[in-house]
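Okay, so the sequence shown: first residue is -5 according to this note's numbering, each after it adds one.
Glycine included, each C-beta is placed from N, C-alpha and C at the ideal position.
In what follows, a structure is listed as structure tokens, so that the remarks can point back to it.
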Amino acid sequence: MSKKFFQGGQHWVWLNAGAISISILMVVGLLLLIAYRGLIHFWPADVQTFTFETNGKQELVLGEIHSHEIDTQDGTAREQYLLKVGNRDMYGIDFRWVDLKHLQATNINEEVTVVERHEWGNVYGFVKTVNYDGKVYEGDFEALAKVVERATDLHEQIREIERDDIGGINYDIEQLRLEERRLEIEGKLTPEAKADIEQRRQERKQDFAEFQKQLDELYSQIKRDSAVFELVDGRTINVAANNMVRAFQPNKMGALEKTGHYFAKLGEFIFDEPREANTEGGVFPAIFGTVMMVLLMSVVVTPLGVIAAVYMREYAKQGPLTRTIRIAVNNLAGVPSIVYGVFGLGFFVYFLGGSIDDLFYPEVKPAPMFGTPGLIWASLTLALLTLPVVIVSTEEGLSRIPKSIREGSLALGATKFETLWKTVLPMASPAMMTGLILAVARAAGEVAPLMLVGVVKLAPTLPLDGNAPFLHLERKFMHLGFHIYDVGFQSPNVEAARPLVYATALLLVLIIILLNVAAIKIRNNLREKYKALEQ
């Protein structure tokens, strides 16, 4: 029986099935681990008071348990907690290791307050006094909540004026400067033109002065309120309202309140901008930059890949030269991505971008406009990187179309181009979408070439805004893959950054899955549409 089993090759079937099952389980397990490590970060943990006794002296530590480990480096097992203690401006650190052998007692006080700040991390302490609207409240958390709510509202108004109103004015003033410089280079800067530009500049400066007055008033209002917190060691810390993001008492919160807090933090992570060296806040600019880059890359690589594949399969004479080109295309898929980054920096940025500046934007010199890394060059570099995938997939799709369909179309009086455009390409469209799916899957996670051609740690503005021409392809941008690298390896606060690395990695995987699912849906619809013709 066993001999027949092995002779029939059934063992290979079972081995393959087992290997595939193990691979699927490993991938799912990895995704679940990333999801757990990343998503648990947003849940409000209880903040405890730990009492330690060392050399006869007692020490109180207030914080939340971040991790639990057993250290065996010196040959003896030592149980340790990594506590998030916050108050970095007072302690100099956010986290500290404590040895449990010195632990005497733990206590959970419901009055413990956590305040998230724009700078210096969290505050862990007890509300002592709150200065709100000219009045002083003793130990009143409700007054603190009003301070935070008011500060949040003022922050939104300040952010809107700075980003939209003043940002737009600064953009217009810079465009006027470039217009004046361009007319000067062309020899057309007449006194009338100069007076007109100066008049428009003064009008924008007047608008700027009005918004600046509003901004100064808002800043004076947001700095008016403050709160004093007492730390567990008896010291006090004063926190101004303009530095507060959120205040809550985790030990008092029930399951429903913690759930609401969790989704509020998750929404902040997805839709807000980063802060605290990218270890706090959100990653929306990185999400936007990633999706925008992938879409631009898809728009470029699809027609180029299809045209190249059509020429080699339908028009080029099948001989040694075509075979050599085909081999070269296949080999390009194995070139390290950093090589494409170096090529993109040299050709796209310095040569092509510098030439564009020389021809169309001489007024921006010496500061380059397109002759510097930006979104357009990153998209073109990744389009070049993924071009072989689209070419090979499209060629495979064209080769599967029966010759009889081409001949039938030609026999009915269609030209070769009409046959190609109306019959062959629609039937090969599922293969094109397969190539695009593979291209998106590879390009979305690339980091090395982007570090040379456009991605940055923190972009001041998005590539898409309300200033004409609205889509600014020359701007630098943020990317989820680079954000993971930066937070994971360049952050000064490693322990605070680690959960965000998992959360950002999960977000990047989900975005790639969503883009691929959309492309797969389109491909399947096309496949169903042309299945009858293939049969």
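Provide the residue(s) that pair with proline 268 in DSSP beta bridges, ordered along the chain. Paired residue(s): Gly275.
Alpha-carbon spacing of leucine 414 relative to serine 15, whole angstroms: 42 Å
Alpha carbon to alpha carbon, how far is arginine 307 from alanine 512? 28 Å
From alanine 187 to arginine 436, what does the alpha carbon distance come to, in whole angstroms? 51 Å
Local Cβ density within 10 Å of aspartate 40, reported as buried at 16 or more and exposed below that: With fewer than 16 neighbouring CB atoms inside 10 Å of its own CB, aspartate 40 falls in the exposed class.
Between which two residues does the alpha helix (DSSP H) holding phenylalanine 342 run? It is not in any alpha helix (DSSP H) - phenylalanine 342 carries neither H nor E in the DSSP assignment.
Contiguous alpha helix (DSSP H) assignments of at least 4 residues, all confined to the segment 466 to 520: List check, alpha helix (DSSP H) in window: 474 to 483.
Nearest to glutamate 197 by CA position, among Leu170, Tyr213, Gly181, is which residue? Leu170
Please look up how many angstroms separate the CB atoms of proline 38 and phenylalanine 242, rounded, as I've assumed it's under 8 Å. 7 Å
When we look at the beta-carbon of glycine 596 and count the other beta-carbons within 10 Å, is it buried (16 or more) or exposed? Lying outside -5 to 529, the shown extent of the chain, residue 596 is not represented and no answer is given.
What whole-angstrom Cβ distance do valine 384 and glycine 429 have, given they're in contact under 8 Å? 4 Å
Please name the residue, chosen from Ile152, Val106, Gly340, that lies closest to phenylalanine 135 on a Cα-to-Cα basis. Val106
To the nearest whole angstrom, what separates the beta carbons of glycine 391 and methionine 426, a pair I think is in contact under 8 Å? 7 Å
Cβ-Cβ distance between threonine 498 and leucine 465 below 7 Å: no
Member of Leu353, Leu379, Thr284, Arg229 whose CA lies at the smallest distance from the CA of methionine 84: Arg229
Would leucine 148 pass as a contact of isoleucine 64 if the rule is Cβ separation under 7 Å? no
For a test of the three-state rule: what should DSSP assign to histidine 355, helix, strand or coil? According to the sequence displayed, residue 355 carries tyrosine and not histidine. Tyrosine 355: coil per DSSP, three-state reduction.
With DSSP as the reference, label alanine 241 as helix, strand or coil. Strand at alanine 241.
Look up phenylalanine 364 in the DSSP assignment and say whether it is helix, strand or coil. coil
I think threonine 324 touches lysine 451, with their Cβ atoms under 8 Å apart; what is that distance to the nearest whole Å? The question names threonine, yet the displayed sequence has asparagine at residue 324. With 8 Å as the limit, asparagine 324 and lysine 451 do not qualify as a contact, their Cβ atoms being about 36 Å apart.
Once DSSP output is grouped into helix, strand and coil, what is the label at asparagine 125? In the structure shown, the three-state DSSP call for asparagine 125 is strand.
On the DSSP bridge list, what partners appear for lysine 51? Lysine 51 is bridged to Thr48.
Quick check: tyrosine 131 and alanine 137, are their CB atoms within less than 7 Å of each other? yes
Got a sec? Which residues, its chain only, sit under 6 Å from glutamate 58 by beta carbon, not counting five neighbours each side? Ala39, Val41, Lys78
Determine which residues share a DSSP beta bridge with glutamate 220 and list them. A small correction: the amino acid at residue 220 is serine; glutamate does not occupy that position in the sequence shown. Note: serine 220 sits in a beta bridge opposite Asn125, Ala234.
Rounded to whole angstroms, how far is the Cβ of arginine 157 from the Cβ of glutamate 357, which I believe are closer than 8 Å? So it is not a contact: roughly 26 Å between Cβ atoms.
Proximity of aspartate 351 and proline 367 at Cβ, strictly below 7 Å: no
For the putative contact between isoleucine 155 and glutamine 208, defined by C-beta atoms under 8 Å, what is the C-beta separation to the nearest angstrom? 6 Å
Find out if the Cβ-Cβ distance for the pair valine 447, glycine 338 is shorter than 7 Å. yes
Would you call the segment 401 to 418 and the segment 311 to 324 touching, i.e. three or more CB-CB distances under 8 Å? no
How many Å lie between alanine 433 and threonine 409 at the Cα? 32 Å
Cβ atoms of proline 443 and threonine 375: under 7 Å apart, would you say? yes
Do the CB positions of valine 222 and lysine 122 come within less than 7 Å of each other? Contact: yes.
Contact under 7 Å by Cβ, leucine 97 with phenylalanine 36: no
Start and end residues, alpha helix (DSSP H) containing leucine 326: 314 to 326
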